[in-house]
Structure formats: C-alpha cells, structure tokens
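Everything below concerns the one structure shown next.
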Amino acid sequence: MAATKEEKAVVAADAEMKDTTTKDKPEEETTTAPTIPPLVLAALRLEKSLRVSDESYYSNPAKVVRRWLSTSSGAASGASLADITAAAKLLLNPETTTSANLSLLFELDNEQKDEEMAVDVDVDESGESAPATVEYLVTAQTEVLAWLISLKVRLQWKSLPSENTNAATATTAAELCQKGILLIMNKLEQQAVTSNTSASSSLFPLNARLWRWLALLTDTTTAEGTANLNLRVDMAKAHNMALLRRDGDTAPTLLNAMLRDLLKHSQVEQAQKLLANSTFPTDTASNNQLCRYLYYSGRIQALRLEYTLSFSNLSQSLRKAPTNTALGFRIAAQRLLVVVQLLMGEIP
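So, in structure tokens, the structure goes:
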C-alpha cells in the first residue's frame, strides 16, 4: 500500500510540473508573410529575364517577351482595373521619364475608386498582411507599362457588350491604345539614336498587341458602312516602319488588320493589291497571325473565283489553327472551306 501511495504522489508531482511548464511558455505569435499580387510577380519575372538577356550576347529579347506573355496569361486573365493600378504604383517609378504616362493607368471612374477605398478599409480592419514592397523596375519599365495598358484596354473591350455607352467606352479605350503606341514609338526612336537595336526588339510583341486592340476598337467606334481612312494611313505607315525595323510581330499583325478592314468594307480589289504587293514574314510571325493571314488570303481568292488557291490556303489555316481554342475562327474557316469545295464541284 505504501508503494502505491508513493507512486501516486510522484505522478501527481509530474503532472503539476507539466502544467507549470506549459503555462510558463509564451504563446507563439502567428505571422503571415507579405503577399505579392500575381501581376507584380509576372513583372518581376520579366525584369529578371530581360536582365539575363542583356548580359547574354546571343539572346533575343523579342522571344523572351513572347514567352513571358504566354506564361503570364493566367495572371492577366484574372486581373481587374484595381489590380492593374496597384501593380503600376508598386512597380513603376513616377519620377522617371519612361513612366511619365502613369496617369493613363490611374484614370479610373469614381465608382471604381470608391470600390478600391472600400476594399482597402476592409483589409486594414481584418488585420491581414499588407502587400509587400518591391523595388521599382529598371530594365523592363517600358515593357511592363505597355503591358498594363494593354490589359486595361482588354478589360474595357470585354465590358462593351454589358454597357449602354459602348461608343464612349470604345473611344476611351482607343485613345488609351494610341497613347500606348506613341509611348512605344518614342522609346524605339530613343533606342535607335543610341544604336541599341537589340533592346528595342523587346517592345515589338507589345506594340503588335496594342495595334491589334486599336484596330478592333476602331471597328466598334466607326459607323456601319464607313471606313476609317485615318487609321488605314496610320497602319500603312506603321507597317512600313515595322518592315524597316525587321519587326516580326508588328508587321504581320498590321497586315492582317489592313486585310480585315478592306474585306469588312467589301474592297476586294484593294485587298488583292495589298496581298500581291506585300510579303508575309512566315519565319518570324506567330502561328495565330499565320492562320489569320491564310484565312484572309483564302477569302480574297474565293471572292475572285480562284477556288484552287483558296481551298489550299483555307485547308492550311485549319490545319495550323489551335484545336483547344479559337472555336469561332475554326467554324468560320470550315464554313468557307465547305462553300469553296461545293463551288469546285466536290463533295465536302
């Protein structure tokens, strides 16, 4: 009996010591790491890639930017106007000359500004971690600014079917696109003076993207049946400059945009002259632009009763088109191909 009482006393003493030690230990504070938005992470990745490409002699900055645009599509698709503005404030230095057009990204409606303020208040009251502070961009500053402008233009383009003032929104987006193109042109001219031709090629894919959005937005703002001659002149001049710079991104994009505009206004003969007097850069153009060029060529040749050439170009366009996306393009090309085959006397 004595042994059992002593054992119970030892067990009770051990339990009391464990309680005191657990009480004496301070509670560990839970700290959350600062969050970095996806747009900021994508821009920092481009900054790092362009720095590495500048140090390498055999690098191609245009390929670096093309690859970066394809890998950053996920971050870009889920971005809002507030995310674009926040990324611009974090990444772009307002005191530098390349970011003098930062006000383009800060021109938000009053409702959007109110939503931003409400979101900021909710985050502060909840006690979540504030966004991390990052250093301003140096190498990829112009590229990121042009990319953010294109994202804002795309958001305004997507909002057109759901808004009543489609013309006003499209006009604002087109003006923003023109300012972004002017920014890139000024940067290219500065780099041409300094004979830095390799670094200027990093702006070619972004310049092509802005020209494509401008062509789409201009179709929305112009009245039905009327052609925008000023845009045609600007695109022709930009196409010539792109050929002189050996811009493999802007030149095919502008050529397809001009062919599309001529076909839209039923100017088949002018489209044929443009097609005959121009050369498509097959080696440097992207697969999407090549598919568009083959489709427009096949459509022009079908209207000119050249069914054999039209059938060949349309078939190549369908074979090269992506299978998981571009459903509308594949439907339009297949429909035209069936019509051409019927006119040739064949059964599709």
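Position 23 of the sequence shown, counted from 1, bears residue number 1255 in our numbering, the numbering being contiguous throughout.
C-beta: ideal position from N, C-alpha, C; glycine also.
If you're wondering where the values come from, they're calculated on a predicted model, not measured in any experiment.
Limits of the alpha helix (DSSP H) - the one that residue i falls within
i	result
Gln1533	Asn1519 to Leu1535
Val1570	Leu1559 to Leu1575
Val1296	Pro1293 to Thr1303
Val1370	First-last for Val1370: undefined, no H or E at that position.
Gln1504	Val1500 to Ala1508
Leu1461	Leu1461 to Leu1476
Asp1315	Leu1313 to Leu1323
Pro1484	Thr1482 to Lys1496
Phe1512	Looking at the DSSP string, Phe1512 is not in any alpha helix (DSSP H), and its letter there is neither H nor E.
Pro1554	Run containing Pro1554: none; DSSP gives neither H nor E here.
Pro1437	Phe1436 to Thr1453
Counted within 10 angstroms of its Cβ, other Cβ atoms place residue i as buried (16 or more) or exposed
i	result
Leu1568	buried
Arg1531	buried
Asn1472	exposed
Val1465	exposed
Ala1372	buried
Asn1563	The sequence given here places Ile at residue 1563; Asn does not occur at that position. Exposed: under 16 other Cβ atoms inside 10 Å.
Ser1305	exposed
Lys1257	No answer about Lys1257 holds up, because its pLDDT of 46 lies below 50 and its placement is not dependable.
Thr1485	buried
Asn1545	buried
Val1370	exposed
Val1297	buried
Glu1279	buried
Leu1559	exposed
Thr1374	buried
Ala1470	buried
Leu1271	buried
Val1425	exposed
Distance, residue j Cα to residue i Cα
i	j	result
Leu1408	Ala1311	18 Å
Leu1414	Ala1406	12 Å
Thr1450	Val1570	31 Å
Val1572	Ala1314	48 Å
Ala1378	Leu1323	13 Å
Trp1445	Pro1580	35 Å
Gln1521	Asn1488	7 Å
Val1284	Thr1403	39 Å
Ser1433	Leu1301	14 Å
Leu1442	Gln1423	20 Å
Gln1566	Glu1578	15 Å
Ala1534	Val1376	42 Å
Asn1509	Val1366	49 Å
Ala1275	Leu1420	20 Å
Ala1439	Ile1416	Contrary to the premise, residue 1439 reads as Asn rather than Ala in this sequence. Roughly 7 Å separates the two Cα atoms.
Arg1478	Phe1436	10 Å
Pro1513	Leu1507	13 Å
Thr1401	Ala1447	15 Å
Glu1538	Lys1411	41 Å
Leu1273	Ala1468	37 Å
Asn1462	Asn1292	34 Å
Leu1574	Ser1529	19 Å
Ser1547	Thr1303	29 Å
Ser1281	Leu1387	27 Å
Leu1550	Glu1501	25 Å
Glu1343	Asn1325	Note that Glu1343 scores a pLDDT of 40, beneath 50, so its modelled location is shaky and nothing firm can be said.
Asn1519	Pro1554	9 Å
Val1351	Thr1454	At Val1351 the pLDDT is 39, less than 50, meaning the model places this residue with poor confidence; the figure from the coordinates comes in the next sentence. Rounded to the nearest angstrom, the two C-alpha atoms are 37 Å apart.
Ser1542	Leu1495	15 Å
Closest Cα partner of residue i within the set the options
i	options	result
Met1490	Arg1478, Leu1276, Asp1479 and Gln1504	Gln1504
Glu1327	Ala1308, Thr1303 and Tyr1368	Tyr1368
Lys1384	Ala1319, Asn1509 and Ala1424	Ala1319
Thr1317	Leu1278, Thr1267, Leu1380 and Arg1299	Leu1380
Thr1540	Lys1552, Leu1463, Phe1512 and Met1576	Met1576
Asn1460	Asn1509, His1497 and Ala1474	His1497
Tyr1527	Trp1389, Lys1552, Ala1508 and Leu1273	Lys1552
Thr1511	Ala1483, Asn1325 and Ser1391	Ala1483
Phe1561	Phe1543, Arg1524 and Leu1537	Arg1524
Ala1474	Ala1517, Leu1271 and Leu1494	Ala1517
Ala1493	Thr1303, Lys1295 and Thr1452	Inspection of the sequence shows that residue 1493 is occupied by Asp rather than by Ala. It is Thr1452.
Gly1480	Ala1294, Ser1391 and Thr1303	Ala1294
Ser1309	Lys1390, Asn1292 and Ser1281	Lys1390
Gln1499	Arg1536, Leu1476 and Ser1281	Arg1536
Ala1307	Ser1549, Asn1556 and Ile1268	Ile1268
Proximity test, residue i beta-carbon vs the ligand HEM heavy atom, cut-off 7 Å
i	result
Ala1406	Of the ligands one can find in the structure shown there are none, so the ligand HEM has no counterpart to examine.
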